[in-house]
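Residue numbering for the sequence shown follows the UniProt record's numbering, beginning at 1 and increasing consecutively.
Just so it is clear, CB atoms sit at the ideal spot from N, CA and C, and this is done for glycine as well.
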Amino acid sequence: MIPALESDLTRLLAAARDFDFAAWLDTLPQRDRHLIVLHTLVASVGNGGFQQWVGCNYRENQEAVLRLALARFAEHCPDQRAAVAEVLALIDQTHRVAPPSFSRLTDDQADALAPLDDRFYAFTDRFRAAMGEYLLRWQ
1 MIPALESDLT RLLAAARDFD FAAWLDTLPQ RDRHLIVLHT LVASVGNGGF
51 QQWVGCNYRE NQEAVLRLAL ARFAEHCPDQ RAAVAEVLAL IDQTHRVAPP
101 SFSRLTDDQA DALAPLDDRF YAFTDRFRAA MGEYLLRWQ
């Protein structure tokens with residue numbers, strides 16, 4: 001994480017501890033919402049794979065805002081369009097593996113999500129760097 005963004009993220013998440021997260025997220029400026037959902041995707045998948053992103057309900061609570069954030073990112077960073085398309089394809093595949101109606105991932109669902117992780121990891125470093133630069137120059 002770029003240090004300037006890390007301090008923003010720390011400040012924002014510290015405030016979120018005392019509130020309903022989804023309601024709180026809706027009160028933030030667009031840039032801050034996008035920072036949080038993009039970071040959550042990269043950090044949670046990087047830490048525990050799509051199993052963590054889905055199993056901890058990040059997908060359920062943040063996907064709508066994440067799709068908007070990815071669309072804006074692709075619009076403002078045309079060189080990242082292929083990566084954004086791949087991220088969206090991976091998100092769509094999580095729905096085929098674990099539909100939103102699930103209450104808890106089964107072992108089979110968790111195993112089926114694992115191959116998606118490697119596809120994400122293949123471009124994460126470049127994606128994260130471009131995302132950080134994009135958020136720093138947000139207009």
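>> Rounded to whole angstroms, what is the Cα-Cα separation between ASP92 and PRO100?
In response: In the sequence shown, the residue the question calls residue 92 occupies position 92. In the sequence shown, the residue the question calls residue 100 occupies position 100. For ASP92 and PRO100, the distance between alpha carbons rounds to 11 Å.
>> If I follow the unbroken alpha helix (DSSP H) through LEU41, where does it start and stop?
In response: On the sequence shown, position 41 is the one that residue 41 refers to. Where LEU41 is concerned, the enclosing alpha helix (DSSP H) stretches over 30-55.
> Beta carbon of ARG31, beta carbon of LEU135: below 9 Å?
Replying inline: In the sequence shown, residue 31 corresponds to position 31, counting from 1. In the sequence shown, residue 135 corresponds to position 135, counting from 1. Yes, the pair counts as a contact, with Cβ atoms nearer than the cut-off.
> In the structure shown, what three-state DSSP assignment does TRP138 receive?
Replying inline: For this step, residue 138 is matched to residue 138 along the sequence shown. Looking at TRP138 - three-state DSSP - the assignment turns out to be coil, as it is neither helix nor strand.
>> Would the segment 51-67 count as touching the segment 75-85 if we require 3 or more Cβ pairs under 8 Å?
In response: no
> Is DSSP giving PHE123 helix, strand or coil here?
Replying inline: Counting from 1 along the sequence shown, the entry for residue 123 is found at position 123. Coil, per DSSP.
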